[in-house]
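Peer 1:
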Amino acid sequence: MAMTTAPLQLSLNLTRGILTAIWRGLPLRPYIVCAGIRMFMYTFSPAQIQLLAPSTLDTYKAWVRSRRSDARKSGDTELMEQLREDIEVLPDGRSHILWIGDRHKATKFVYFFHGGGYIAPAGPGHMEWCLQAYVLANRHQTGQTSSASSNGSREKIAVAVLQYTLTPLAQFPTQMCQAASGLAHLLQSGIRPSQLVVGGDSAGGNLTLQLLSHLLHPHPRAERIALDEPLAGAFIVSPWVSQKTSTRSFVDGRPCDMISKGIFYHPNRDMFQKKPTGLLGALFPNWRLVETDEFREGKGWAFAADVDEKWLDGMGGIVRKVYVTCGKQEILRDQGIEVAERIRARNADVEVNLEVAEKEAHDFIMLEMQNQVVGDATTRMRNWFTRVWS
1 MAMTTAPLQL SLNLTRGILT AIWRGLPLRP YIVCAGIRMF MYTFSPAQIQ LLAPSTLDTY
61 KAWVRSRRSD ARKSGDTELM EQLREDIEVL PDGRSHILWI GDRHKATKFV YFFHGGGYIA
121 PAGPGHMEWC LQAYVLANRH QTGQTSSASS NGSREKIAVA VLQYTLTPLA QFPTQMCQAA
181 SGLAHLLQSG IRPSQLVVGG DSAGGNLTLQ LLSHLLHPHP RAERIALDEP LAGAFIVSPW
241 VSQKTSTRSF VDGRPCDMIS KGIFYHPNRD MFQKKPTGLL GALFPNWRLV ETDEFREGKG
301 WAFAADVDEK WLDGMGGIVR KVYVTCGKQE ILRDQGIEVA ERIRARNADV EVNLEVAEKE
361 AHDFIMLEMQ NQVVGDATTR MRNWFTRVWS
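Each step along the sequence shown adds one to the number in UniProt numbering, with nothing skipped, and position 273 is 273.
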């Protein structure tokens, strides 16, 4: 889309989003934001988005500085202790673990994959989400909001945020290999699977399912991991788990969601579709082969919902509890429902919790956390997280 059409596109998106929100009885403010995000994602190419947005690493560093400053001003010594810049480089030299919370004192852990269609880096909202829903979960459960005398008696929680390589600099399965390498690193550091929850939003939900698929069916290019017990849990928020765009939710969510069918063009092409080789590739450099060898062989590392349901058999051996959440107003709603129902139907030993939020569109927990507002989506996530070990 030409930049000159951006103002018109924004006006159309805003008008359509506002009218749809009013018609459906939805809150206006988040759907105005959705219209702006949709315009931004549709207007700019992946390279332009990555040029305009700070990198995940830079965002993490700036967020830690900002939140430590806030904690210092408010006298919140506990939060000061929890927020220190702590970065580990993974073996490939390109990916990193960014820690939120004190990993040296923690007894429970989260391994987090940010969304963004594999083209956008993590935002401050992702970092705030990790803080509010997980690191401070025990504080909120006890009703304490500042430095407290019982600080030492509460279990500490730390989050390992994976900074992975974005597309088009890297294609599948690079990100899955980095996720597997990060998990192996966490386990080798002494963290037990039963102490660990994994998850992410949107493309991060896709990466979560990629990692779980790798644990079930080891990918030849990723580090092999043999768990001696299941992970405590996995959360999948507004997941992108299929290449199908013909489901009902793509119609229902089109007027008001922050993502659209067209937005998937670049990440789907650049991340998952192979370039033809030889003379065909030379003559048609922009072509992509939609069906890769893995899909033809019925292997669902990239999109678990696009292969036979038996692909997810045995999930109980790798994870105890799974939380899938999506918005009723989002285009990926049906994908989230399908993957939750598949896991539940094929794995009686996995506790599957599916939530479809009536007034939410795509990834509303991110919208809340971007504004540092602990709303319904964040509260639901926190409540599920605190029940994982019960």
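Here a beta-carbon is modelled for each residue, glycine too, at the ideal position from N, C-alpha and C.
These figures come from a predicted structure and were not determined experimentally.
1. What do you reckon, are the CB atoms on residue 241 and residue 335 nearer than 9 Å?
2. Roughly how many angstroms separate the alpha carbons of residue 267 and residue 46, rounded to a whole number?
3. Buried or exposed: which applies to residue 239, given that a residue is buried once 16 or more other Cβ atoms fall within 10 Å of its Cβ?
4. Closest to residue 87 by C-alpha separation, out of 103, 72, 77, would be which residue?
5. From the DSSP output, in three-state form, read off residue 320 for me.
6. Could you tell me the boundaries of the alpha helix (DSSP H) in which residue 351 lies?
7. When the Cα of residue 306 is compared with those of 140, 360, 206, 366, which residue comes out closest?
8. Out of 217, 347, 378, 325, which has the shortest C-alpha to C-alpha gap to residue 127?
9. Here's the rule I'm using: 16 or more other beta-carbon atoms within 10 Å means buried, otherwise exposed. How should residue 146 be labelled?
10. In or out: residue 65 buried (at least 16 other Cβ within 10 Å) or exposed?
11. So what's residue 108 in DSSP terms, helix, strand or just coil?
12. To the nearest angstrom, how far is it from the Cα of residue 129 to the Cα of residue 221?
13. Do you know how far the Cα of residue 71 is from the Cα of residue 374?
14. Do residue 381 and residue 123 come within 9 Å of each other at the CB atom, strictly closer than that value?
15. Do residue 349 and residue 316 have their C-beta atoms closer together than 9 Å?
16. Can you round the beta-carbon distance between residue 18 and residue 32 to whole angstroms, since I take them to be within the 8 Å contact cut?
17. So which of 343, 330, 338 has the shortest CA-CA distance to residue 321?
18. Looking at the structure shown, is residue 170 part of a helix, part of a strand, or coil, going by DSSP?
19. Can you give the beta carbon distance from residue 166 to residue 119, rounded, assuming they're within the 8 Å contact cut?
20. In whole angstroms, what is the alpha-carbon distance linking residue 43 and residue 117?
21. Quick one: residues in its chain with C-beta nearer than 6 Å to the C-beta of residue 125, no 5 flanking neighbours on either side, listed in chain order?
22. Using the three-state DSSP reduction, which class does residue 290 fall into: helix, strand or coil?
23. Our contact map puts residue 185 next to residue 90 with C-beta atoms below 8 Å; I'd like the distance itself, whole angstroms only.
24. Grouping DSSP H, G and I as helix and E and B as strand, with all else coil, what is residue 186?
25. Starting from residue 44 and walking both ways along the beta strand (DSSP E), at which residues does that stretch end?
26. Identify every residue that forms a DSSP beta bridge with residue 219.
27. At what residues does the beta strand (DSSP E) containing residue 250 begin and finish?
28. Should residue 360 go down as buried or exposed, given a rule of 16 or more other Cβ atoms within 10 Å for buried?
29. Can you find the residues in the same chain that come closer than 7 Å, C-beta to C-beta, to residue 290, ignoring five residues on each side of it along the sequence?
Peer 2: Taking the definition as stated:
1. The sequence position of residue 241 within the sequence shown is 241, counting from 1. The sequence position of residue 335 within the sequence shown is 335, counting from 1. Cβ distance < 9 Å, so residue 241 and residue 335 count as in contact.
2. For the purposes of this step, residue 267 is identified with residue 267 of the sequence shown, where counting begins at 1. For the purposes of this step, residue 46 is identified with residue 46 of the sequence shown, where counting begins at 1. Those two C-alpha atoms are separated by around 8 Å.
3. Position 239 of the sequence shown holds residue 239. That one is buried.
4. Position 87 of the sequence shown holds residue 87. It is 103.
5. On the sequence shown, residue 320 is found 320 positions in, with the first residue counted as 1. Residue 320: strand per DSSP, three-state reduction.
6. Counted from its first residue, the sequence shown places residue 351 at position 351. Careful: residue 351 lies outside any alpha helix (DSSP H), inside the beta strand (DSSP E) at 351-357.
7. Taking the sequence shown and counting its residues from 1, one reaches residue 306 at position 306. Considering only alpha carbons, the answer is 206.
8. As a working note, residue 127 is residue 127 in the sequence shown. Comparing Cα-Cα distances from residue 127 to each of 217, 347, 378, 325, the minimum goes to 378.
9. Position 146 of the sequence shown, counted from the first residue, corresponds to residue 146. With a pLDDT of only 46 at residue 146, under the threshold of 50, the placement of this residue in the model should not be trusted; the figure read from the coordinates follows. Under this definition residue 146 is an exposed residue.
10. Mapped onto the sequence shown, residue 65 falls at position 65. It counts as exposed.
11. Residue 108 sits at position 108 when you count from the first residue of the sequence shown. Residue 108: strand per DSSP, three-state reduction.
12. In the sequence shown, the residue the question calls residue 129 occupies position 129. In the sequence shown, the residue the question calls residue 221 occupies position 221. If I take the Cα positions, the gap works out to 31 Å.
13. One-based indexing of the sequence shown puts residue 374 at position 374. One-based indexing of the sequence shown puts residue 71 at position 71. Those two C-alpha atoms are separated by around 17 Å.
14. In the sequence shown, residue 123 corresponds to position 123, counting from 1. In the sequence shown, residue 381 corresponds to position 381, counting from 1. No; because the gap between Cβ atoms is not below 9 Å, this pair is not in contact.
15. The sequence position of residue 349 within the sequence shown is 349, counting from 1. The sequence position of residue 316 within the sequence shown is 316, counting from 1. For residue 349 and residue 316, yes; Cβs fall inside 9 Å.
16. The count along the sequence shown starts at 1 and reaches residue 18 at position 18. The count along the sequence shown starts at 1 and reaches residue 32 at position 32. The pair is a contact, with the Cβ atoms about 7 Å apart (cut-off 8 Å).
17. Position 321 of the sequence shown holds residue 321. Cα-wise, what sits closest to residue 321 is 343.
18. Within the sequence shown, residue 170 is the residue found at index 170, counting from 1. In the structure shown, residue 170 sits in coil (DSSP, three-state: anything other than H, G, I, E or B).
19. What you label residue 166 is simply residue 166 of the sequence shown in a count that begins at 1. What you label residue 119 is simply residue 119 of the sequence shown in a count that begins at 1. Rounded, the Cβ-Cβ distance is 6 Å, consistent with contact.
20. Taking the sequence shown and counting its residues from 1, one reaches residue 43 at position 43. Taking the sequence shown and counting its residues from 1, one reaches residue 117 at position 117. Answer to the nearest angstrom: the Cα atoms are 15 Å apart.
21. Here residue 125 corresponds to residue number 125 of the sequence shown, with the count starting at 1. Taken in chain order, the residues that qualify are 366, 369, 370.
22. As a working note, residue 290 is residue 290 in the sequence shown. Confidence at residue 290 is low in this model, with a pLDDT of 46, below 50, so its placement is unreliable and the value that follows should be read with caution. Coil, per DSSP.
23. Working through the sequence shown from its first residue, we reach residue 185 at position 185. Working through the sequence shown from its first residue, we reach residue 90 at position 90. Between residue 90 and residue 185 the Cβ distance is about 6 Å, and since that is below 8 Å, they are a contact.
24. Here residue 186 refers to the residue found at position 186 when the sequence shown is read from its first residue. In this structure, residue 186 counts as helix in the three-state DSSP scheme.
25. Reading the sequence shown from its first residue, position 44 is the one you call residue 44. Looking at the DSSP string, residue 44 is not in any beta strand (DSSP E), and its letter there is neither H nor E.
26. As a first step, residue 219 must be located in the sequence shown, where it is residue number 219. Partner(s): none; residue 219 has no beta bridge.
27. By 1-based counting over the sequence shown, the position of residue 250 is 250. That residue, residue 250, is in no beta strand (DSSP E); its alpha helix (DSSP H) goes 248-252.
28. Taking the sequence shown and counting its residues from 1, the one referred to as residue 360 is at position 360. It is buried - the Cβ of residue 360 has at least 16 other Cβ atoms within 10 Å.
29. In the sequence shown, the residue the question calls residue 290 occupies position 290. Only weak support is given to the placement of residue 290: the predicted model assigns it a pLDDT of 46, under 50, and the value that follows is read from those uncertain coordinates. Cβ within range, chain order: 273.
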